[in-house]
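Counting from 1, position 157 in the sequence shown corresponds to residue 150 in our numbering; the numbering is continuous, with no gaps.
Here a beta-carbon is modelled for each residue, glycine too, at the ideal position from N, C-alpha and C.
Model, not experiment: these values are computed from the prediction.
Here's the structure, in structure tokens; my notes come after.
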Amino acid sequence: MGTLESIAQPRLDEIDRRILELLQANARMSNAAVAREVGLTPPATLERTRRLEDAGIIRGYRADLDPEPLGYGMTVLLLIRLDHHGREAVHAFRDAIADVDAVAECHYLTGTADFMLKIRVPDVAGYRELLEDEVSGLPGLAHVESAVVLETFKEDRSVRV
């Protein structure tokens, strides 16, 4: 395999960047509306959008859902330390955590914690159940520290383009 420099990434011009900004702000925006905004024809805009998708820059299109009305009123951040840091231990943990539905995000870290998980549960009872039934059985688990999110006032998944 090559280095990061050898991976072919498309060159992005100002029109590509504007397309990305528009779709990030409103993924339901029609191709014709995007074309009007960037000053291209719809077929040219669609070709650029498909190139951005094929390159993996546009990973998908989703609805941004509010978890609370869907029954997930509690968000908890877990800092996880493993008892061993070898490749096999890390991969075993990553594979196991992929099957835990309550995990919204999992980040592999440097520092005192090895992983940070963002989980969504209905309430304290749901959190306790998750800890007892799923988290405690994760492979290589040495320590778990949790922080309950009291309020989220900024949560932005957009990327500056």
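Burial check for residue 120: the Cβ neighbour count within 10 Å reaches 16 or more, so the residue is buried. For the set 20, 150, 133 and 138, the Cα lying nearest the Cα of residue 79 is the one of 133. Annotation: the stretch 94 to 129 contains the following complete segments of the beta strand (DSSP E) (minimum length 3 residues), in chain order: 96 to 101 and 108 to 114. The stretch 53 to 77 contains no complete alpha helix (DSSP H) run of 4 or more residues.
Cβ-Cβ distances below 7 Å link residue 60 to 113 in the same chain, with the five nearest sequence neighbours on each side left out; the list follows chain order.
Rounded to the nearest whole angstrom, the CA to CA distance from residue 96 to residue 34 is 42 Å.
Per DSSP, the continuous beta strand (DSSP E) segment holding residue 134 begins and ends at 134 to 141. Collapsing the DSSP output to three states places residue 131 in coil. Rounded to the nearest whole angstrom, the CA to CA distance from residue 72 to residue 129 is 13 Å. The C-alpha of residue 20 is placed about 7 Å away from the C-alpha of residue 55. A residue is called buried once 16 or more other Cβ atoms fall within 10 Å of its Cβ, and residue 141, having fewer, is exposed. Scanning its chain for C-beta atoms nearer than 6 Å, with the 5 sequence neighbours on each side dropped, one finds around residue 139 the residues 69 and 71, in chain order.
In the DSSP annotation of this structure, residue 146 is not part of any alpha helix (DSSP H), being labelled neither H nor E. Look at residue 35 here: in three-state DSSP terms it is helix. Boundaries of the alpha helix (DSSP H) harbouring residue 9: 7 to 18, taken from the DSSP string.
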